[in-house]
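Report on one structure; see the data block that follows.
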Amino acid sequence: KQEVTQIPAALSVPEGENLVLNCSFTDSAIYNLQWFRQDPGKGLTSLLLIQSSQREQTSGRLNASLDKSSGRSTLYIAASQPGDSATYLCAVVGTSGTYKYIFGTGTRLKVLA
Amino acid sequence: DAGVTQSPTHLIKTRGQHVTLRCSPISGHKSVSWYQQVLGQGPQFIFQYYEKEERGRGNFPDRFSARQFPNYSSELNVNALLLGDSALYLCASSLMDAANYGYTFGSGTRLTVV
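If you're matching them up, the sequences are chains A and B in order. Under my numbering, the first residue of the first sequence carries the number 1, and numbering increases by one thereafter. Under my numbering, the first residue of the second sequence carries the number 114, and numbering increases by one thereafter.
Following this line, the structure appears as structure tokens:
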């Protein structure tokens, strides 16, 4: 059974810092991994989608890497801003059965001005 | 282009009642999935529909049901509501299967059961 873990659960950093959020999954048989952002009480905003054959994806100040064999992904945020404050969720789609996402519980990020 | 649209945005129901939540996918998307997110947790998979057929069901009781219409919109129905059904219900759509395209999520319906 696939399990997704995100560390740390919460993080508070001063503005301008570079930071790394971690995601690990127990079953390496995945189609893709997606990072999402969620503001309080809101839906999910897709940040980056990494296919299983890819090693990383970049969008602006965000870079996500994937090491499928070790079951790990990292989301790197450069030069953090107060507007980056949100919960960040990673999710994987397994290769067996339904194309459903298995989510981690998220990392709650607060960037202090 | 309109994103994934969910209605209503907020809903308050009494225990034992029935509720219907609605979702309109992005134009051209044929796959719709439903997720339940309890406060402080990641979303949990409830259903997936593709081309109007159920393609998967999560570990939820039979009180939960769904369907997809010919225009690819979808409804999630929950009968005999319990306090524990209070959650944010998220709908997600994908062009075909999520392996190549990923999912786009709506803003959700916040259901409160009292």
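Each residue gets a CB set at the ideal place from its N, CA and C atoms; glycine is no exception.
Item                                                                                                               : Value
The beta strand (DSSP E) enclosing B:S140, as first and last residue numbers                                       : From DSSP, B:S140 is part of no beta strand (DSSP E); its letter is neither H nor E.
Neighbourhood of A:E56 by C-beta, 8 Å cutoff - its chain only, sequence neighbours within 5 removed                : I50, N63, A64, S65 and L66
Buried or exposed (CB count within 10 angstroms, at least 16 for buried), A:K1                                     : exposed
Segments of 3+ residues assigned as beta strand (DSSP E) that fall wholly inside the stretch 145-204 of chain B    : 157-163, 166-170, 177-181 and 187-191
Near-chain B residues of the stretch 35-61 of chain A (beta-carbon distance less than 9 Å), N- to C-terminal order : F36, Q38, G41, K42, G43, L44, T45, S46, L49, Q51 and S52
9 Å Cβ cutoff, A:N32 in contact with chain B                                                                       : yes
Beta-carbon gap between B:V117 and B:S220 smaller than 9 Å                                                         : yes
Whole-Å CB distance - A:S46 paired with A:N32, under 8 Å assumed                                                   : Rounded, the Cβ-Cβ distance is 11 Å, inconsistent with contact.
Beta-carbon proximity list for B:S137, same chain, < 6 Å, skipping 5 on both sides                                 : T118 and S186
Three or more C-beta pairs below 8 Å linking the stretch 80-96 of chain A and the stretch 177-193 of chain B       : no
Classification of B:I159 by the beta-carbon crowding that lies within 10 angstroms, buried from 16 upward          : buried
Minimum Cβ-Cβ distance from B:G141 to chain A less than 9 Å                                                        : no
Between the CA atoms of A:S73 and A:S12 - distance to the nearest angstrom                                         : 20 Å
Exposed unless 16 or more other CB atoms sit within 10 angstroms - verdict on A:L112                               : exposed
DSSP-derived helix/strand/coil call for A:D84                                                                      : helix
Cβ contact check for the stretch 139-150 of chain B and the stretch 191-208 of chain B: 3 or more pairs under 8 Å  : yes
Sub-9 Å separation of A:S69 and A:G16 beta-carbons                                                                 : no
Contact residues within the stretch 74-92 of chain A, judged by C-beta distance below 7 Å to chain B               : L89
Interface residues of chain B facing A:G106 [CB-CB closer than 8 Å]                                                : G155
In DSSP terms, what A:R108 is bridged to                                                                           : A:A10 and A:T87
Cβ neighbour criterion (16 or more within 10 Å) applied to A:S59                                                   : exposed
Chain-ordered residues of the stretch 172-191 of chain B with a beta carbon less than 9 Å from chain A             : none
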